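This report refers to the structure that appears directly beneath it.
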Amino acid sequence: MGSWSDLPNDILEQVAKKLHHLELLHFGSVCKPWRFLYLENHHRLHLKGPFLLRSSDFYSNSRKYVCVENEKVQGEIFLSESDTCKWICGPSQGWLVIVDSWGQEMYLLNPFMRHKIKLPSPATFPLFLNDQRRPDDACRDSYEYVYKAIISTDPISNPEDCVIMAIVGELHRLSFCKLGDEKWTNVGGSPSLIDDVTFYQSKFYAVSQFDLTISFDGKNPNDHVKSKVVAQGPLARGNLKRYLVPSGGHLLQVWRTIESLFSCYNNCIDDDDDDDDDDYDDNDGDDDDNSNPTQQ
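To convert a position in the sequence shown, counted from 1, into the working numbering, add 26.
Rendered as structure tokens:
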């Protein structure tokens, strides 16, 4: 009888396409040929996601994950990058964008494959007009300087077209780089106070707190000819957080209302005051009941 390592690759690929990601990890652990097949073709294998990466204990080097569509598909992965001096500023295309504030590094990480691709340092972010501090001064506080980052395509299967887009700075503007670049480039005409950015149908889309949605070319975000305002709604009142979510062949804008701590504090005080008033009225009511013969 032949060994498992002698099975034809085309048959193994058909089997692998029917497995979810946790099973694929086990698949790649059977023998060296299976491991090689997984490493060479993981970007083509169907991953049944999306996956939710759960928060962990403060000193933990692992993260639990669960499949959103099937909660039975869950597990735990080693992720030393989740320690206190690193910031996961964006999951995208199955990759994590990580900022190492102490080492002043920024890189892409595939948490399952442990592939790591270096990006330009946060110190190379150009200074935006009206920013109060230079990027190199903010590197030690990169947790807030790099708000979010995404990628356009898988950097392994399509490295030439992979663009990394980041929301950076105190005014939340756009900056980008390509694989192999030594520094970041600001997106010309980027609006300020951007809430979210996503990649959809070969374009980057960004939405600001002013309810302004702009599209940028997916390969060259600074191509001003292809950049345009695609939607502009009325300025909403209240403390809102806007998200861009591709769903069912459409790009949706989702609003989330955020209640401020000051508002919560005021509500708590008002509630306490109301309770005190109720207690005072109840005492008065007892006296009134004793003096009202119709209630006896």
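Beta carbons are placed, not taken as given, at the ideal position from N, Cα and C, and that holds for glycine.
Remember, predicted model here, so these are calculated numbers, not experimental data.
Report task. Report back the beta-carbon spacing between residue 223 and residue 238 to the nearest angstrom; my notes put them in contact at under 8 Å. Result -> Residue numbering aside, residue 223 sits at position 197 when the sequence shown is read from its first letter. Residue numbering aside, residue 238 sits at position 212 when the sequence shown is read from its first letter. In fact, because the Cβ distance is near 13 Å, the residues do not count as touching under 8 Å.
Query - DSSP state of residue 406 mapped onto helix, strand, coil - result: Lying before the first or after the last residue shown, residue 406 is absent from the chain, which here runs from 27 to 322.
Query raised in the report: Thinking C-beta only, is residue 153 closer than 8 Å to residue 142?
Result: For the purposes of this step, residue 142 is identified with residue 116 of the sequence shown, where counting begins at 1. For the purposes of this step, residue 153 is identified with residue 127 of the sequence shown, where counting begins at 1. In this structure, residue 153 does not lie closer than 8 Å to residue 142 by Cβ.
Requested in this report: From the DSSP output, in three-state form, read off residue 9 for me.
Outcome: Residue 9 falls outside the range modelled here, since the chain spans only 27 to 322, and no answer is possible.
Query raised in the report: With 16 as the cutoff for other CB atoms within 10 Å, does residue 150 come out buried or exposed?
Result: On the sequence shown, position 124 is the one that residue 150 refers to. Looking at its Cβ environment, which holds 16 or more other Cβ atoms inside 10 Å, residue 150 is buried.
Query raised in the report: Under 8 Å between the Cβ atoms of residue 146 and residue 245?
Result: Indexing the sequence shown from 1 puts residue 146 at position 120. Indexing the sequence shown from 1 puts residue 245 at position 219. Taking 8 Å as the Cβ cut-off, residue 146 and residue 245 do not qualify as a contacting pair.
Query raised in the report: Since residue 5 sits in a beta bridge, which residues does DSSP pair it with?
Result: Coverage of the chain is limited to positions 27 through 322, which leaves residue 5 absent and any answer about it impossible.
Report task. Kindly indicate which residue of 137, 214, 123 has the alpha-carbon position closest to the one of residue 144. Result -> Against the sequence shown, residue 144 aligns to sequence position 118. Per the Cα distances, 123.
Query - Beta-carbon gap between residue 236 and residue 247 smaller than 8 Å - result: For the purposes of this step, residue 236 is taken as the residue at position 210 of the sequence shown. For the purposes of this step, residue 247 is taken as the residue at position 221 of the sequence shown. Cβ atoms of residue 236 and residue 247: not closer than 8 Å.
Query - Assumed close pair residue 181, residue 121 - CB separation to whole angstroms, cut-off 8 Å - result: Translated into positions along the sequence shown, residue 181 becomes position 155. Translated into positions along the sequence shown, residue 121 becomes position 95. Contact flag correct, Cβ pair sits at about 7 Å.
**Report entry** Own chain partners of residue 186 with C-beta closer than 6 Å, once the 5 adjacent residues on each side are dropped
**Finding:** The count along the sequence shown starts at 1 and reaches residue 186 at position 160. Excluding residues within five positions, none has a Cβ falling inside 6 Å.
Query raised in the report: Using the rule of at least 16 other Cβ atoms within 10 Å of the residue's Cβ for burial, across every protein chain shown, is residue 269 buried or exposed?
Result: In the sequence shown, counting from the first residue as 1, residue 269 sits at position 243. Exposed, since its Cβ has fewer than 16 Cβ neighbours within 10 Å.
Report task. Decide if residue 188 is buried, meaning its Cβ has at least 16 other Cβ atoms within 10 Å, or exposed. Result -> In the sequence shown, the residue the question calls residue 188 occupies position 162. Residue 188 is buried by the Cβ-count criterion.
Query raised in the report: According to DSSP, is residue 272 helix, strand or coil?
Result: Against the sequence shown, residue 272 aligns to sequence position 246. The answer is strand: DSSP assigns residue 272 an E or B state.
Query raised in the report: Between residue 204 and residue 212, what straight-line distance do the alpha-carbon atoms span, to the nearest angstrom?
Result: As a working mapping, residue 204 is identified with position 178 in the sequence shown. As a working mapping, residue 212 is identified with position 186 in the sequence shown. If I take the Cα positions, the gap works out to 12 Å.
Query raised in the report: With burial defined as no fewer than 16 other Cβ atoms inside 10 Å of the residue's Cβ, what is the status of residue 306: buried or exposed?
Result: For the purposes of this step, residue 306 is identified with residue 280 of the sequence shown, where counting begins at 1. Residue placement at residue 306 is poorly supported in this model, since its pLDDT is 41, which falls under 50; the coordinates still yield a value, given next. With fewer than 16 other Cβ atoms within 10 Å, it is exposed.
Requested in this report: State the beta-bridge partners of residue 131 as determined by DSSP.
Outcome: Stepping through the sequence shown from its first residue, residue 131 is reached at position 105. Per DSSP, 126.
Report task. Tell me, to the nearest whole angstrom, how far the beta carbon of residue 220 is from that of residue 250; I am working on the premise that it is less than 8 Å. Result -> Against the sequence shown, residue 220 aligns to sequence position 194. Against the sequence shown, residue 250 aligns to sequence position 224. With 8 Å as the limit, residue 220 and residue 250 do not qualify as a contact, their Cβ atoms being about 18 Å apart.
Query raised in the report: Quick one: what does DSSP say residue 290 is sitting in, helix, strand or coil?
Result: Numbered from its first residue, the sequence shown carries residue 290 at position 264. Per-residue confidence for residue 290 stands at a pLDDT of 48, beneath the threshold of 50, marking its modelled position as unreliable; the derived number appears in the next sentence. Note: residue 290 maps to helix in three-state DSSP.
Query raised in the report: Grouping DSSP H, G and I as helix and E and B as strand, with all else coil, what is residue 210?
Result: In the sequence shown, counting from the first residue as 1, residue 210 sits at position 184. DSSP places residue 210 in coil when its eight states are reduced to three.
Query raised in the report: Count the other CB atoms within 10 Å of the CB of residue 62; is the residue buried (16 or more) or exposed (fewer)?
Result: Stepping through the sequence shown from its first residue, residue 62 is reached at position 36. Exposed: under 16 other Cβ atoms inside 10 Å.
Query raised in the report: Going by beta carbon distance, what residues of the same chain come within less than 6 Å of residue 31, once the five residues before and after it are set aside?
Result: Here the question's residue 31 lines up with position 5 in the sequence shown. Within its own chain, the residues whose Cβ lies closer than 6 Å to the Cβ of residue 31, once the five positions on either side in sequence are excluded, are 57, 59, listed in chain order.
Query raised in the report: What is the DSSP secondary structure of residue 37, reduced to helix, strand or coil?
Result: As a first step, residue 37 is located in the sequence shown; it is residue number 11 there, counting from the start. Three-state result, residue 37: helix.
Query raised in the report: Since residue 117 sits in a beta bridge, which residues does DSSP pair it with?
Result: Numbered from its first residue, the sequence shown carries residue 117 at position 91. Answer by DSSP bridge pairing, in chain order: 122.
Query - DSSP-derived helix/strand/coil call for residue 151 - result: In the sequence shown, residue 151 corresponds to position 125, counting from 1. Residue state, collapsed to three classes: coil.
Query raised in the report: Would DSSP call residue 32 helix, strand or coil?
Result: Taking the sequence shown and counting its residues from 1, the one referred to as residue 32 is at position 6. It is helical.
Query raised in the report: Is it the case that the Cβ atoms of residue 226 and residue 194 are separated by a distance below 8 Å?
Result: The residue you call residue 226 lines up with position 200 of the sequence shown. The residue you call residue 194 lines up with position 168 of the sequence shown. No, the pair does not count as a contact, with Cβ atoms beyond the cut-off.
Report task. For residue 272, collect the residues of the same chain with a Cβ closer than 6 Å to its Cβ; drop the 5 residues on either side in sequence, then sort them by chain order. Result -> As a working mapping, residue 272 is identified with position 246 in the sequence shown. Same-chain partners within the cutoff: 226.
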